[in-house]
Amino acid sequence: MRVITAPAEVAALVAAEKVEEARITIWLLLPAQVRRLVLAFAEMPRERAEDDLTKFSRNERARITGALQSMMVHLSMAENCMRDTEPRTTVLH
Numbered sequence: 838m839r840v841i842t843a844p845a846e847v848a849a850l851v852a853a854e855k856v857e858e859a860r861i862t863i864w865l866l867l868p869a870q871v872r873r874l875v876l877a878f879a880e881m882p883r884e885r886a887e888d889d890l891t892k893f894s895r896n897e898r899a900r901i902t903g904a905l906q907s908m909m910v911h912l913s914m915a916e917n918c919m920r921d922t923e924p925r926t927t928v929l930h
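Everything in the sequence shown is counted per our numbering, starting at 838 for the first residue and increasing by one.
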């Protein structure tokens, strides 16, 4: 185990902890439907959507992140499919 003593290293560690605390809070602020959808796309039990972020292992978080990246590509493609293709004409007088 490495001991951190340099002030800059301590400050960096504190900043990283604050970022993780923000992620933990944001995860629980997301709508439950979104958390369930994310976990379904990662092929994980929907009940885990109620879990605190700290209950997910590093491997699970990596799996979810990969699923999210794939999901965002698919959602973007679906959005493009749903766009209105009817030309709109505005007549200015």
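Glycine residues also receive a C-beta, built at the ideal position from the N, C-alpha and C atoms.
Going by DSSP, Ala915 is part of the alpha helix (DSSP H) stretching over 895-919. Ala915 and Ala869 have their alpha carbons spaced roughly 22 Å apart. Judged by pairs of C-beta atoms under 8 Å, the segment 889-902 does not touch the segment 921-929, as fewer than three such pairs exist. Trp864 and Arg895 have their alpha carbons spaced roughly 15 Å apart. Leu912 sits exposed, since fewer than 16 C-beta atoms from the chains shown fall within 10 Å of its C-beta. Ala859 is positioned such that its CB atom lies no closer than 8 Å to that of Arg872.
In this structure, DSSP gives Val871 a helical state, which the three-state scheme calls helix.
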